[in-house]
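Just add 75 to the spot in the sequence shown (first one is 1) and you have the numbering used here.
Structure record follows, encoded as structure tokens.
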Amino acid sequence: DLGMNIFNPGLQKFKYIDQNTPLLQQSKPNVTDIFESSDKNIWISTWGNGIFKYDSNFIFQSNYIHKEKDAASLGEPFSLIWTLEEDDRKRIWAGSQYAMLSILTPSTGKFINNIVPEFQHYTIMHITKDKSHNLWLGLYNGSLGKWDAVSNKISVYNNLYGEDCKDPTVIDGLFVDEKNLLYVATNQYGLTRFNEAQKVMDEKNIFPQHILSPGSLNDSVIMGGTSGKGFFLFNKIKKTTRFYNTNNGL
């Protein structure tokens, strides 16, 4: 309930930015994503107060919300944003409910808004960029979308988890490693790895946990969170996993 916090290792203390901070008096402390763009600005998406932009010193710059009768404002009618990413044209992509995709040109402050028909009204939960500059979009129904940077087209990959994995799942994180392999965090099938050529997950249930926010520790190790077992480190080479929680030092 304290909103977003910034940890400064040099000072060993947190700075809190929440609804009581003068810059955010109209906001709620429900941050959904934090993203640093190529120009070092910090972008924060929220559940109900749109998108906040700060400079690299966390000085407030802009707040983007939906405005009635303004087609160039944020498209989601309640300013409910799940995820942010930047394309190679330095546009900021925002994923929302009901397959709403909003693309902001920062220099003009204007959005292009579309409900992506291929996504069948499923929420865009996560967006990440690969080494080929394509954008991958994780959906609430467990499917993957891909925006191809060359063709400027969106495609969808369904039925990714095989005949033995029929239960519905939610994508709770995307991560592209140094070899341009896409790892997908799910709430049903743990950490999975997507094979685009085969259009399926070629590694499933790497470890069976509800996985959140995977990222890179180094070339060999993926780190992230779980729902119930704390923090994890997964070694891609050795295929081993270690968990850290309040029982062992977290």
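Backbone N, C-alpha and C fix where the C-beta goes; we use that ideal spot for every residue, glycine too.
C-beta atoms of residue i and residue j nearer than 8 Å
i           : j           : result
residue 305 : residue 319 : yes
residue 282 : residue 244 : no
residue 160 : residue 203 : yes
residue 184 : residue 154 : no
residue 233 : residue 222 : no
residue 275 : residue 213 : no
residue 179 : residue 166 : yes
residue 287 : residue 237 : no
residue 329 : residue 325 : In the structure displayed, the chain extends from 76 to 325; residue 329 sits before or after that span and is not available.
residue 267 : residue 278 : yes
residue 105 : residue 125 : no
Expected contact under 8 Å - CB spacing of residue i and residue j to nearest Å
i           : j           : result
residue 297 : residue 250 : 7 Å
residue 174 : residue 190 : 5 Å
residue 107 : residue 140 : That belief does not hold up - the Cβ atoms of residue 107 and residue 140 are roughly 14 Å apart, past 8 Å.
residue 128 : residue 136 : 4 Å
residue 205 : residue 255 : 6 Å
Local conformation of residue i per DSSP, three classes
i           : result
residue 232 : strand
residue 147 : coil
residue 192 : helix
residue 316 : strand
residue 224 : coil
residue 172 : helix
residue 309 : strand
residue 289 : strand
residue 177 : strand
residue 321 : coil
residue 100 : Unreliable positioning characterises residue 100 in this predicted model, as indicated by a pLDDT of 47, which lies under 50. A coordinate reading is not provided.
residue 248 : strand
residue 183 : coil
residue 299 : strand
residue 161 : strand
residue 277 : strand
Residue i: first and last residue of the uninterrupted beta strand (DSSP E) it sits in
i           : result
residue 123 : Unbroken run through residue 123: none, as it is neither H nor E.
residue 217 : No beta strand (DSSP E) contains residue 217, which DSSP labels as neither H nor E.
residue 266 : 266–270
residue 204 : 199–204
residue 136 : 135–139
residue 253 : Here residue 253 belongs to no beta strand (DSSP E), and DSSP marks it neither H nor E.
residue 281 : It is not in any beta strand (DSSP E) - residue 281 carries neither H nor E in the DSSP assignment.
residue 108 : 106–111
residue 257 : 257–261
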